[in-house]
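> Chains as they are written, first to last, in my numbering: chain X, 14 to 376; chain A, 135 to 440.
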């Protein structure tokens, strides 16, 4: 009896290991050859369900299926959060006979590129590259987004909506990629109101929503009345802080977070708009280019506001809570990006610009 | 910058320290009652995740935060019974069982979240309920005191009541003496007729309930939703605070609030233009300093006894 039960313990232990392992990509059932006219496409992400960045990216597969129907076979492979498993997952995907493999982002691209070198016949799409040099492989097509412009857009909205002249931004980890968003936010806010004060801070990870809430409450205590959360799942803490303080608005990121908060009306009501990174459309455009043979392999493309790759979530709630004049003002400032009148600073191109602007907006 | 520093000396800072410290106190009390009776509970973090998740789920299911809270207590009990079964009945290594439960919790919680909400990130699509915020009559009108101790979440007062309960249980009742005896030397306790297994079982159940309530505090008040791995190592900080206290409940509480103050300072300093990586190390630096003070004290004690 005791033996059986101690086996049970082993089973529980093993189960939790299997639960970890499952995430590192199961590609079984797709190993048959790729000679038919069906194009097999795999998307490798660590996980989905963040109601933000990864979920938008995953939407790209649905757009592909919609456009190409039975001519394509799409599959999502979840690699898990353990960095040690990413390269293995990529190699398994390459061995499994996919024609086009989509992956990328500053954190995950290294694993993809390490494998892409060994499979010159497979076409790779890096949906959000960061290291331009490493992406210059003859079978890799890399795109990236003007997150600085996205930040500019939300900064414009925040500064227009702020009555106190103090706004905030809560970042996830202190990475250059996040600084790129926030530096643009500074610039957008300053364009509207040169005297604006912007508080900026980082949670330290992308999951501690309670800490993000504490930081937001601190910002509110310092007078901030519009706060942008650029912190993945932790960003929900910004909404919770705003919900406790009537008159304070929150802004979401990556996807239209007003839609994803449907079950929590109180949190939802704080989300004025969201700065959207349209990874789904980028995947559709990228794969289309690859399938039509027009993809510029070995080079990188920077997708901007003008390309529709980034933008504001202009849902009904946003329109209902912005006056005609406010909407006109937003239009006035954002159109300056389209006409090229304004060029938005980019932390990734000129490192240190975040610090420079931070000093200006802190007084 | 000056008003940020000034904010450390305000009533609202103490209010924040309590708000930040309560989940840590739940965790450290959970570790404390278990270790006092001789059972290592390192599954605090995992049980907190379950508490946070099931509180949200049961409250959404029943449309009542109170039934959700009942569910939290049940799930805390179930977790501790599983732990007790493996460590006490099957004599499995307590550290191994604890690690198993932690790993199990962090993965299975995501899976359950996916089944219940279709999302692996947050429970935002569930209409879950939150426990009320309590404004204590009379006290809330007292100038400074009212600002500090009134207006907290319901579970804050539950936590304070439980802290008083644990203090009385451990220091003023025969059962507390039995707990300590079981922790110091189980064979000796057995020889004087103490039912070691019964004492330990009750302690571990109490420990499980405390941890689960700590989780519920995070998702049913502090935040109104559950999000993936939202406990963010608070359970481990509680275990560290318990280690610093070395069986003395008041020092455990003190250590917990040193961490909470450090965390409060971090949250405030975060708004100044200081490197965030450096600031975020402050609470962990406090853990290290606490452990250094502890080992210096032990070393001196050991030398005196020689």
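Backbone N, C-alpha and C fix where the C-beta goes; we use that ideal spot for every residue, glycine too.
Between residue 330(X) and chain A, is any beta-carbon pair separated by less than 8 Å?
On the first chain, position 317 is the one that residue 330(X) refers to. Judged by the 8 Å Cβ criterion, residue 330(X) is not in contact with chain A.
> Report the residues of the segment 412-428 of chain A with a CB closer than 7 Å to any CB of chain X, ordered along the chain.
Taking 7 Å as the Cβ-Cβ cut-off against chain X, the residues of the segment 412-428 of chain A that qualify are 414.
> Go through its chain and collect everything with a Cβ distance to residue 43(X)'s Cβ below 6 Å, but skip five positions before and after it.
Within the first chain, numbered from 1, the residue matching residue 43(X) stands at position 30. Unreliable positioning characterises residue 43(X) in this predicted model, as indicated by a pLDDT of 42, which lies under 50. The coordinate reading is nonetheless provided below. So the list reads 109, once near-sequence residues are dropped.
> My output table needs one value for residue 179(X): the three-state DSSP class, helix, strand or coil.
Reading the first chain from its first residue, position 166 is the one you call residue 179(X). Residue 179(X) falls in the strand class under three-state DSSP.
> For residue 377(X), does the three-state DSSP call read helix, strand or coil?
Shown here, chain X extends from 14 to 376; a query on residue 377(X) therefore has no answer.
> Can you give the Cα-Cα distance for residue 302(X) and residue 52(X), rounded to whole angstroms?
Here the question's residue 302(X) lines up with position 289 in the first chain. Here the question's residue 52(X) lines up with position 39 in the first chain. C-alpha separation (whole angstroms): 14 Å.
> Using the Cβ count rule (16 or more neighbours within 10 Å means buried), how would you classify residue 163(A)?
In the second chain, residue 163(A) corresponds to position 29, counting from 1. Buried: at least 16 other Cβ atoms inside 10 Å.
> Against residue 360(X), what residues of chain A qualify as contacts under a CB-to-CB distance less than 9 Å, listed in chain order?
As a working mapping, residue 360(X) is identified with position 347 in the first chain. Ordered by position in chain A, no residue passes the 9 Å Cβ test against residue 360(X), which lies about 15 Å from the chain.
> Please name the residue or residues paired with residue 210(X) in a DSSP beta bridge.
One-based indexing of the first chain puts residue 210(X) at position 197. For residue 210(X), which the question treats as bridged, DSSP gives the partners 179(X).
> I'd like to know whether the C-beta of residue 378(X) is nearer than 8 Å to at least one C-beta of chain A.
No information on residue 378(X) is available, as it lies outside the stretch 14 to 376 that chain X covers here.
> Spell out the partners DSSP gives residue 323(X) in its beta bridges.
For the purposes of this step, residue 323(X) is taken as the residue at position 310 of the first chain. Looking at the DSSP assignment, residue 323(X) forms a beta bridge with 290(X).
> Whose CA, out of 74(X), 199(X), 172(X), lies closest to the CA of residue 375(X)?
Along the first chain, one-based indexing puts residue 375(X) at 362. Residue 375(X) has its Cα closest to that of 199(X), out of 74(X), 199(X), 172(X).
> Quick one: grab the DSSP three-state call for residue 116(X).
In the first chain, the residue the question calls residue 116(X) occupies position 103. Strand at residue 116(X).
> Helix, strand or coil: how does DSSP classify residue 52(X) here?
Here residue 52(X) refers to the residue found at position 39 of the first chain. Here residue 52(X) sits in strand by DSSP.
> Quick one: give me the first and last residue of the beta strand (DSSP E) that residue 189(X) is part of.
Here residue 189(X) corresponds to residue number 176 of the first chain, with the count starting at 1. First-last for residue 189(X): 189-205, but that is the alpha helix (DSSP H), not the beta strand (DSSP E).
> From the DSSP output, which residues share a beta bridge with residue 267(A)?
Locating residue 267(A) in the second chain gives position 133, where the first residue counts as 1. 287(A).
> From residue 208(A) to residue 134(X), what does the alpha carbon distance come to, in whole angstroms?
Residue 208(A) sits at position 74 when you count from the first residue of the second chain. Residue 134(X) sits at position 121 when you count from the first residue of the first chain. Going from the Cα of residue 208(A) to the Cα of residue 134(X) covers about 56 Å.
> Just tell me which of 368(X), 354(X), 362(X), 360(X) has its CA closest to the CA of residue 204(X).
For the purposes of this step, residue 204(X) is identified with residue 191 of the first chain, where counting begins at 1. For the residues 368(X), 354(X), 362(X), 360(X), the minimum Cα distance to residue 204(X) belongs to 354(X).
> Is there at least one Cβ from chain X nearer than 8 Å to residue 154(A)'s Cβ?
Mapped onto the second chain, residue 154(A) falls at position 20. It does: the Cβ of residue 154(A) has a partner Cβ on chain X nearer than 8 Å.
> Just checking: is the beta-carbon of residue 361(A) within a distance shorter than 8 Å of some beta-carbon in chain X?
Working through the second chain from its first residue, we reach residue 361(A) at position 227. Yes, because at least one Cβ of chain X sits closer than 8 Å to the Cβ of residue 361(A).
> Going along the segment 362-376 of chain X in order, which residues come within less than 9 Å of chain A, judged by CB to CB distance?
Flagged, chain order: 368, 371, 372, 375.
> Distance cutoff 8 Å, beta carbons only. Does residue 380(A) sit that close to anything in chain X?
Locating residue 380(A) in the second chain gives position 246, counting from the first residue. No, its Cβ sits nowhere closer than 8 Å to a Cβ of chain X.
> Throw me the rounded Cβ distance for the residue 347(A) and residue 210(A) pair, which I believe falls under 8 Å.
On the second chain, residue 347(A) is found 213 positions in, with the first residue counted as 1. On the second chain, residue 210(A) is found 76 positions in, with the first residue counted as 1. Correct: roughly 7 Å between the Cβ atoms.
> Cα-Cα, which of 87(X), 183(X), 140(X) is closest to residue 251(X)?
What you label residue 251(X) is simply residue 238 of the first chain in a count that begins at 1. Comparing Cα positions, the closest option is 183(X).
> Does residue 95(X) have its Cβ less than 8 Å from a Cβ in chain A?
Reading the first chain from its first residue, position 82 is the one you call residue 95(X). No, its Cβ sits nowhere closer than 8 Å to a Cβ of chain A.
> Using a C-beta cutoff of 8 Å, does residue 8(X) count as contacting chain A?
The first residue shown for chain X is 14 and the last is 376, placing residue 8(X) beyond what the model contains.
> For residue 248(A), which residues from the same chain have a beta carbon less than 6 Å from its beta carbon, with the 5 sequence-adjacent residues on both sides left out?
Translated into positions along the second chain, residue 248(A) becomes position 114. Here the set comprises 254.
> I believe residue 119(X) touches residue 143(X) by the beta-carbon criterion, under 8 Å. Please report the beta-carbon distance rounded to the nearest angstrom.
Counting from one through the first chain, the residue named residue 119(X) turns up at place 106. Counting from one through the first chain, the residue named residue 143(X) turns up at place 130. With 8 Å as the limit, residue 119(X) and residue 143(X) qualify as a contact, their Cβ atoms being about 4 Å apart.
> Using a C-beta to C-beta distance shorter than 7 Å, which residues of chain A count as neighbours of residue 276(X)?
As a first step, residue 276(X) must be located in the first chain, where it is residue number 263. Chain A residues near residue 276(X): 258, 259, 260, 261.
> Assign residue 241(A) to one of three DSSP states: helix, strand, or coil.
The residue you call residue 241(A) lines up with position 107 of the second chain. Residue 241(A): helix per DSSP, three-state reduction.
> Would you verify that the beta carbon of residue 63(X) is, or is not, closer than 8 Å to some beta carbon of chain A?
For the purposes of this step, residue 63(X) is taken as the residue at position 50 of the first chain. By this cut-off, residue 63(X) is an interface position.
> Return the chain-ordered list of same chain residues with a C-beta closer than 7 Å to the C-beta of residue 74(X), the five sequence neighbours on each side being excluded.
In the first chain, counting from the first residue as 1, residue 74(X) sits at position 61. Excluding positions up to five away in sequence, the list reads 56, 87, 89.
> Answer with buried or exposed for residue 209(X), where buried requires no fewer than 16 other C-beta atoms within 10 angstroms of its C-beta.
Here the question's residue 209(X) lines up with position 196 in the first chain. Its Cβ being crowded by 16 or more others within 10 Å, residue 209(X) is buried.
> Name the residues in the segment 239-256 of chain A whose C-beta lies less than 9 Å from a C-beta of chain X; which are they?
Against chain X - using a Cβ distance shorter than 9 Å - the residues of the segment 239-256 of chain A are 239, 240, 241, 242, 244, 245, 247, 248, 251, 252, 253, 254, 255, 256.
> Using only the alpha-carbon positions, how far apart do residue 386(A) and residue 187(X) sit?
One-based indexing of the second chain puts residue 386(A) at position 252. One-based indexing of the first chain puts residue 187(X) at position 174. Distance between the alpha carbons of residue 386(A) and residue 187(X): 33 Å.
> Which runs of the alpha helix (DSSP H) spanning at least 4 residues fall entirely within the segment 175-206 of chain A, listed in chain order?
Correct list: 178-196.
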